[in-house]
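>
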Amino acid sequence: MYKFHNKIKRVDWFYENYAKTDDFLIDEFLKRVNESYYYNSAKLYSSRYIDDIQEAYSSMKEELKIEDTKNNYNVVNIGAGTGFDYNILKNLNIQYDSYFFIEPSKDMIKEFLSRHNDNDDKKVVIKNNHFHEVLDDLRNKNNKFIFINSVLHHVIYIEKFLDDIKSIMNPNDILVIGHEPNNSYNPLMFFLNLTFKAIFTSALLKKAPFLKVFYDNEVKSNERWEKINTQLLDEGVIIKKMSPLTIRRIIDYGVGHKKDWKRLNIPKDYNEGFIDVHDISKYLGNEYKRKFYITYRHFGDSNGNVVIESLNNIFKSILKNHGTNFLSVWKKF
Ligand SMILES: C[S@@+](CC[C@H](N)C(=O)[O-])C[C@H]1O[C@@H](n2cnc3c(N)ncnc32)[C@H](O)[C@@H]1O
706 MYKFHNKIKR VDWFYENYAK TDDFLIDEFL KRVNESYYYN SAKLYSSRYI DDIQEAYSSM
766 KEELKIEDTK NNYNVVNIGA GTGFDYNILK NLNIQYDSYF FIEPSKDMIK EFLSRHNDND
826 DKKVVIKNNH FHEVLDDLRN KNNKFIFINS VLHHVIYIEK FLDDIKSIMN PNDILVIGHE
886 PNNSYNPLMF FLNLTFKAIF TSALLKKAPF LKVFYDNEVK SNERWEKINT QLLDEGVIIK
946 KMSPLTIRRI IDYGVGHKKD WKRLNIPKDY NEGFIDVHDI SKYLGNEYKR KFYITYRHFG
1006 DSNGNVVIES LNNIFKSILK NHGTNFLSVW KKF
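Every position in the sequence shown, counted from 1, becomes a number in the working numbering once 705 is added.
#1: Could you tell me the distance, in whole angstroms, from the CA atom of Lys967 to the CA atom of Gly978?
#2: Would you tell me roughly how many angstroms separate the C-alpha atoms of Asp802 and Ile758, rounded to the nearest one?
#3: Shorter than 7 Å, the distance from the beta carbon of Val780 to the closest heavy atom of ligand 1, or not?
#4: Taking the alpha-carbon positions, what's the Leu818 to Trp1035 distance?
#5: Confirm, please, whether the CB-CB distance from Ile731 to Val781 is below 8 Å.
#6: What's the gap between the Cα of Met894 and the Cα of Asp727?
#7: From the DSSP output, in three-state form, read off His858 for me.
#8: Note down, in chain order, each residue of its chain lying with its Cβ closer than 6 Å to the Cβ of Ile944, except the 5 sequence neighbours on either side.
#9: Let's test the definition: count the other Cβ atoms within 10 Å of the Cβ of Val856 and tell me whether it reaches 16, buried, or not, exposed.
#10: Do Met813 and ligand 1 come close, with the Cβ less than 7 Å from some heavy atom?
#11: If you measure from each CB to the nearest heavy atom of ligand 1 and keep those under 7 Å, what residues do you get, in chain order?
#12: Which partner residues does Lys849 have in the DSSP bridge list?
#13: Mind checking Phe719: buried by the 16 CB within 10 Å criterion, or exposed?
#14: So Lys832 and Asp878 are supposed to be a Cβ contact under 8 Å. How far apart are they, rounded?
Structure, rendered in structure tokens:
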């Protein structure tokens, strides 16, 4: 269970242990780590397996009978990235009167615009901002479809983020939180996941020092940790090197189901836990009803591996709540 309003968080421990605290406040430290990470990782993100994510959204549309909505939505897409979420809604043929594309990264927006340069969708309003900066523009819109895909687990100060969402929601508005880690992932599934990955994929081979040189992405990935550390040390942001896992757990802050953060030996007091769907429902409160919930990727990201993909498909129908990722929808009454 997530400890809302815990006095100290894991991030404070990272900051106290690695940052040059005399020169950098915690926000600036986080900003620099994020910038360096994304700058050195961009090329590794060129491909992404999305079939199962799309399927989850299709089930959502079917179950909620979204095509029956009388009025068109006002979409509020928080952390819209390079347009993945936009494409999801287009493919689902969900109709809207306006589409607020909220994305703080200029580079992401540039990428979106370059891919949609023939786009005559005049309903899209691009906001190159953080969500909290545009709340006043959104409050008075009705019939909102607040859409957040793969963003929540990057948010550290989750209470503030959820408070901001609640502050713009009117009765009948819908909140969609998708492609998030299922942090109540079952330990037995976790064990099976590791076993199947070891047997059916090259995950284990890639870890063997004498074999990893044969895996191009693995080599590039290793190089980037060096580059990130060198950059942050040169700029005087950190006082010592951070392990790849430390950097990962700063960036993918809310990913708890992999259990790897345990290797970082973070003192118990500093650990606020990892949010799951029940925590979100509890925090939203009684005025919000969960209308849809699905989990998928029971054995993680198949990345196109046929065996893992088939196992994921089989387990999706027999163990509904035990995937590594979830998609959930709430409505305000
Ligand atoms: C992993 S990306 C997901 C992008 C897109 N939704 C997708 O699924 O491809 C997370 C995005 O959230 C954005 N982001 C992070 N904090 C945010 C905030 N407070 N307000 C709006 N966007 C934010 C980041 O800039 C980044 O583009």
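For every residue, glycine included, the Cβ atom is placed at its ideal position computed from N, Cα and C. Being a predicted model, the structure only gives us computed values, none of them experimental.
Taking the structure as given:
#1: On the sequence shown, position 262 is the one that residue 967 refers to. On the sequence shown, position 273 is the one that residue 978 refers to. Their backbone Cα atoms lie some 11 Å apart in a straight line.
#2: Looking up residue 802 in the sequence shown gives position 97. Looking up residue 758 in the sequence shown gives position 53. Spanning the two alpha carbons is a distance of roughly 25 Å.
#3: Position 75 of the sequence shown, counted from the first residue, corresponds to residue 780. Val780: no, Cβ never under 7 Å from ligand 1.
#4: As a first step, residue 818 is located in the sequence shown; it is residue number 113 there, counting from the start. As a first step, residue 1035 is located in the sequence shown; it is residue number 330 there, counting from the start. Near 30 Å, if we compare the C-alpha coordinates of Trp1035 and Leu818.
#5: The residue labelled residue 781 in the question sits at position 76 within the sequence shown. The residue labelled residue 731 in the question sits at position 26 within the sequence shown. Against a cut-off of 8 Å, the Cβ pair of Ile731 and Val781 comes out as no contact.
#6: Counted from its first residue, the sequence shown places residue 894 at position 189. Counted from its first residue, the sequence shown places residue 727 at position 22. Approximately 44 Å, taken between the alpha carbons.
#7: Along the sequence shown, read from residue 1 onward, the residue named residue 858 stands at position 153. Three-state result, His858: helix.
#8: Looking up residue 944 in the sequence shown gives position 239. Closer than 6 Å at Cβ, skipping near neighbours: Lys725.
#9: Start at 1 with the first residue of the sequence shown, and residue 856 comes out as number 151. Buried is the call here.
#10: As a first step, residue 813 is located in the sequence shown; it is residue number 108 there, counting from the start. Yes, ligand 1 has a heavy atom inside 7 Å of this Cβ.
#11: Ile783, Gly784, Ala785, Gly786, Thr787, Phe789, Asp790, Ile807, Glu808, Pro809, Ser810, Met813, His835, Phe836, His837, Asn854, Ser855, Val856, His859, Val860, Phe866, His884
#12: One-based indexing of the sequence shown puts residue 849 at position 144. BP columns for Lys849 point to Asn779.
#13: Translated into positions along the sequence shown, residue 719 becomes position 14. Burial call: buried.
#14: Residue 832 sits at position 127 when you count from the first residue of the sequence shown. Residue 878 sits at position 173 when you count from the first residue of the sequence shown. The pair is not a contact, with the Cβ atoms about 18 Å apart (cut-off 8 Å).
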